[in-house]
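In this text, residue positions in the sequence shown follow my numbering: the first is 991, and each later residue adds one.
Everything below concerns the one structure shown next.
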Amino acid sequence: MTKKRVVLTFPKDLVSSPIIYHLVKDYDLVTNILRAQIMPDEEGKVVLELDGDKSNIEKGLKFLKKQSIHTELLGQDIKIYDDKCINCGACTSVCLSEALSLNKKTFELEFDRSKCILCGLCLNTCPVKAIEITF
């Protein structure tokens, strides 16, 4: 099993199409929607984690491209600037997925990227703006 995180950009005429359904049904992929911005008659964006056989993921990505959906692998999704961070823990209080935590021994901020769902709640909570989401 392989996991890939991708950013999908849907043309406005495909926003109401069951694209994710086809990834699950036709390509046997487990999908986890990490973030989505979908509005009727507007271009849509979805951050999606795909889990499955490597060849099925590749076939699913080819399917998306044939549907005119722009796909790009999610590179660096969250950036924490250690030189700015004061380890106050404010971000940990709003992190629903528990991706951000304070080390109980060192009291330093720790980030588990695999748990992050890119909700963005930590951004405005950080008093020194040490966290940034990049796509």
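The C-beta atom is built at its ideal place from N, Cα and C for all residues, glycine as well.
Boundaries of the beta strand (DSSP E) harbouring L1040: 1034-1042, taken from the DSSP string. The beta carbon of Q1027 sits closer than 7 Å to those of G1034, K1035, all from its chain and outside the five residues before and after it, given in chain order. With fewer than three CB-CB distances shorter than 8 Å, the stretch 1041-1059 does not count as touching the stretch 1085-1093. Residues K1002, V1005 of the same chain have their beta carbon placed closer than 8 Å to that of D1031, with the five preceding and five following residues left out of the count. Under DSSP, T1021 shares a beta bridge with L1040.
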